[in-house]
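Read the structure below first, then the notes.
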Amino acid sequence: MLELRNVSYQVPEENKDKEIIKNINLTLEDGFTVITGPNGGGKSTLAKLIAGIIKPTSGSILLDGKDITNMDITEHAKLGISYAFQQPVRFKGITVKDLITLAAGKSLTTGEACHYLSEVGLCARDYIGREVNASLSGGELKRIEIAMVIARGTKVSVFDEPEAGIDLWSFQNLIQVFDKMRERTKGTILIISHQERILNIADRIVVLTDGEIAGSGSKDEIYPGLFTGESVCSALV
Amino acid sequence: MDNIQRTLLEQVAGLHEVPEGAYNLRINGQAGGRGTTANIDIVTKGDKPGIDIIIKPGTVKESVHIPVLLSQTGLKELVYNDFIIGENCDVTIIAGCGIHNAGDQASEHSGIHTFHVGKNSKVRYVEKHYGQGDGSGERIMNPSTVIDLAEDAYMEMDTVQIKGVDSTRRSTKAVLADGATLLIKEKLMTHGKQTAETSFEVELNGKGSGTNVISRSVARDDSKQVFLAKINGNNLCSGHSECDAIIMDRASVQAIPEITANHVDAALIHEAAIGKIAGEQLVKLMTLGLTEAEAEAQIVDGFLK
Ligand SMILES: Nc1ncnc2c1ncn2[C@@H]1O[C@H](COP(=O)(O)OP(=O)(O)OP(=O)(O)O)[C@@H](O)[C@H]1O
Ligand SMILES: [Mg+2]
């Protein structure tokens with residue numbers, strides 16, 4: 004279980020600090036939570052706070068009751084938090100197998116490494132030896148990013164727009180990936196998404212708008228209000 | 003061979019014992035063994051130190067090893083090795099130099115390698131440099147390579163220097179005839195107070211000739227690197243050079259590209275990128291549970307792999 008208590012995140016701007024996350028209180032139980040909300044609402048920032056990539060300017064984050072607010076990225080990872088980036092990182096010379104192996108945290112046979120790739124619908128033989136560099140397509144990188152989180156198998160997994168760039172045909176498989184993961188880890192799975200079909204599998208939906216939680220609840224409670232928000236910029240009306 | 007020399011041989015040639023095929027082993031400036039085959043002859047030069055390696059036309063799937071080992075402190079040598087490769091060959095040449103210096107005087111090996119590659123021949127040339135030993139004496143290597151590629155000849159040169167060489171000045175000069183291709187891949191890592199200067203000069207004289215010069219390097223601590231790539235396009239030809247360097251600590255890296263087109267159909271490109279390890283790469287690996295130092299090591303290893 005992951006708890007955010009009065010978490011705020013500000014960045015310095017010219018005149019005054021800009022508040023990207025505003026005093027959020029959120030408890031993530033085991034199961035699927037989907038965070039949605041407008042672009043720039045603060046979703047990725049929240050994910051980075053959970054993964055320890057950035058630190059809250061105030062408030063605290065607890066994992067199973069333990070305060071992890073001031074721990075570094077490595078410690079977050081070792082305590083069991085995984086994060087699939089919205090924009091996967093490219094490397095020079097590091098192969099897909101290298102990354103999957105590092106994610107698993109132990110040496111893997113090629114067969115074992117391939118298994119993780121097959122789960123995300125990549126024909127393993129074609130990919131296992133490839134460099135994770137600019138030659139991979141956006142969708143391929145996204146899938147490898149997801150495969151790394153599967154290989155880690157930690158109790159908290161955060162996916163930042165996992166469906167982005169994934170073709171429609173594979174979409175159903177992606178949902179199966181999450182289902183399997185829930186069975187296996189029995190942990191907390193947090194998915195940031197704008198996709199209706201991902202919202203459909205959520206145990207709980209959290210709407211993050213302008214750094215604040217605008218709503219939280221089951222699909223039936225949240226769904227009707229999702230698409231009736233006021234217009235983004237009144238000047239356009 | 004003693005144990006130190008055995009380690010050096012393993013490092014520069016991946017060999018445990020005397021290799022198969024043709025070879026010439028040079029240990030502390032002395033002949034350490036030689037093997038020839040029906041197609042490959044090795045002859046000691048009469049006028050200066052060094053050897054001629056003569057490969058008969060039509061020799062295919064054969065290899066030559068010419069490792070040089072130095073384990074005696076203060077030894078300085080200059081060696082000339084000439085490779086005369088006939089037409090229609092397909093051969094691999096593995097050169098390498100390992101220096102162990104446990105003393106306080108500089109040990110230095112300078113090798114001048116000249117390649118005459120015959121028409122339509124294919125040569126893979128692998129060169130590995132390695133230094134070790136905890137003496138205060140410097141380990142110095144200054145390899146020069148002169149390459150002459152005849153029509154439709156193809157040569158691939160892989161040079162690797164990852165550890166232990168204090169100072170190196172590499173010069174490679176090549177001249178290409180019609181349809182000839184030269185591929186150069188350099189991998190370099192410097193640390194401590196090491197310096198490494200490499201220069202590649204390629205004359206694309208032949209119609210349809212082409213070259214690709216690729217350097218990947220990592221400079222750490224207080225080390226210094228200079229990379230010069232000079233390509234002259236004198237005919238319908240294509241040339242590409244690329245320097246990609248990771249800079250760390252207080253190191254310095256200089257890349258000097260020079261491309262000159264002397265013909266309207268010469269297509270030449272140079273790319274150079276020098277920068278520290280990308281922060282997002284470190285962050286990604288740390289989210290997999292690696293410490294910052296472990297992440298850095300992975301990124302550097304991958305880059306030079
Ligand atoms: N380091 C920073 N400095 C300044 N502004 C930042 C910084 N990081 C994020 N922001 C801003 O904070 C807001 C929230 O960004 P965030 O990436 O969390 O949004 P998001 O909800 O993930 O959006 P999207 O749906 O487009 O991915 C944006 O307006 C963004 O420009
Ligand atoms: Mg985002």
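Chains V and Z supply the protein sequences, listed in that same order.
So our numbering is basically just the index in the first sequence, starting at one, shifted up by 3.
So our numbering is basically just the index in the second sequence, starting at one, shifted up by 2.
Beta carbons are placed, not taken as given, at the ideal position from N, Cα and C, and that holds for glycine.
Treat the numbers as computed from the prediction; the structure is a model and nothing was measured.
Straight-line Cα distance separating residue j from residue i
i: residue 113 (chain V); j: residue 50 (chain Z); result: 52 angstroms
i: residue 62 (chain Z); j: residue 94 (chain Z); result: 9 angstroms
i: residue 190 (chain V); j: residue 8 (chain Z); result: 53 angstroms
i: residue 109 (chain Z); j: residue 6 (chain Z); result: 15 angstroms
i: residue 237 (chain V); j: residue 41 (chain V); result: For residue 237 (chain V), the predicted model reports a pLDDT of 42, less than 50, meaning its position is unreliable; a value from the coordinates is still stated below. Each residue's alpha carbon lies about 16 angstroms from the other.
i: residue 82 (chain Z); j: residue 52 (chain Z); result: 5 angstroms
i: residue 155 (chain Z); j: residue 81 (chain V); result: 54 angstroms
i: residue 166 (chain V); j: residue 172 (chain Z); result: 50 angstroms
i: residue 146 (chain Z); j: residue 113 (chain Z); result: 6 angstroms
i: residue 126 (chain Z); j: residue 71 (chain V); result: 54 angstroms
i: residue 48 (chain Z); j: residue 281 (chain Z); result: 57 angstroms
i: residue 222 (chain V); j: residue 23 (chain V); result: 26 angstroms
i: residue 175 (chain V); j: residue 292 (chain Z); result: 33 angstroms
i: residue 240 (chain V); j: residue 62 (chain V); result: Per-residue confidence for residue 240 (chain V) stands at a pLDDT of 39, beneath the threshold of 50, marking its modelled position as unreliable; no derived number is given.
i: residue 27 (chain Z); j: residue 75 (chain Z); result: 19 angstroms
i: residue 55 (chain V); j: residue 106 (chain V); result: 17 angstroms
i: residue 267 (chain Z); j: residue 237 (chain Z); result: 7 angstroms
Proximity test, Cβ basis, 8 angstroms: residue i and chain V
i: residue 287 (chain Z); result: yes
i: residue 282 (chain Z); result: yes
i: residue 190 (chain Z); result: no
i: residue 304 (chain Z); result: yes
i: residue 147 (chain Z); result: no
i: residue 292 (chain Z); result: yes
i: residue 47 (chain Z); result: no
Three-state secondary structure assigned by DSSP to residue i
i: residue 285 (chain Z); result: helix
i: residue 77 (chain V); result: helix
i: residue 97 (chain V); result: coil
i: residue 300 (chain Z); result: helix
i: residue 123 (chain V); result: coil
i: residue 251 (chain Z); result: coil
i: residue 191 (chain V); result: strand
i: residue 55 (chain V); result: coil
i: residue 220 (chain V); result: strand
i: residue 113 (chain Z); result: strand
i: residue 242 (chain Z); result: strand
i: residue 18 (chain Z); result: coil
i: residue 95 (chain Z); result: strand
i: residue 154 (chain V); result: helix
i: residue 147 (chain V); result: helix
i: residue 162 (chain Z); result: strand
i: residue 3 (chain Z); result: coil
Under 8 angstroms by beta carbon: chain V residues contacting residue i
i: residue 301 (chain Z); result: 94 and 97
Residue-chain proximity (residue i, chain Z), Cβ-Cβ < 8 angstroms
i: residue 163 (chain V); result: no
i: residue 238 (chain V); result: Residue placement at residue 238 (chain V) is flagged as unreliable, the pLDDT there being 44, under the threshold of 50; a coordinate-derived value is accordingly withheld.
i: residue 86 (chain V); result: yes
i: residue 167 (chain V); result: no
i: residue 155 (chain V); result: yes
i: residue 188 (chain V); result: no
i: residue 204 (chain V); result: no
i: residue 77 (chain V); result: yes
i: residue 4 (chain V); result: no
Per-residue contacts from residue i into chain Z (C-beta, under 7 angstroms)
i: residue 101 (chain V); result: 304
i: residue 106 (chain V); result: 290
i: residue 249 (chain V); result: Outside the displayed range of chain V (4 to 240) lies residue 249 (chain V), so it cannot be described from this structure.
Interface residues of chain V facing residue i [CB-CB closer than 7 angstroms]
i: residue 307 (chain Z); result: 96
Proximal residues of chain Z, C-beta to C-beta of residue i below 8 angstroms
i: residue 56 (chain V); result: 285 and 289
i: residue 74 (chain V); result: Chain Z residues near residue 74 (chain V): none, gap ~12 angstroms exceeds 8 angstroms.
i: residue 151 (chain V); result: 290
Proximal chain A residues relative to residue i, where beta-carbon distance stays under 9 angstroms
i: residue 214 (chain V); result: In the structure shown, chain A does not exist; the protein chains are V and Z.
Where residue i meets chain Z, residues with beta-carbon distance less than 9 angstroms
i: residue 50 (chain V); result: Neighbours of residue 50 (chain V) on chain Z: none; closest Cβ ~11 angstroms, over 9 angstroms.
For the stretch 217-227 of chain Z against the stretch 173-183 of chain Z, do three or more pairs of beta-carbon atoms, one drawn from each stretch, fall closer than 8 angstroms, so that the two count as touching? no
When you compare the stretch 97-109 of chain Z with the stretch 119-136 of chain Z, are there three or more beta-carbon pairs, one atom per stretch, that lie closer than 8 angstroms? Three or more Cβ pairs drawn from the stretch 97-109 of chain Z and the stretch 119-136 of chain Z lie within less than 8 angstroms of each other, which places the two stretches in contact.
Looking at C-beta atoms only, is the number of pairs between the stretch 132-148 of chain V and the stretch 85-99 of chain V that lie closer than 8 angstroms three or more? yes
Between the stretch 25-44 of chain V and the stretch 247-262 of chain Z, are three or more C-beta pairs nearer than 8 angstroms? no
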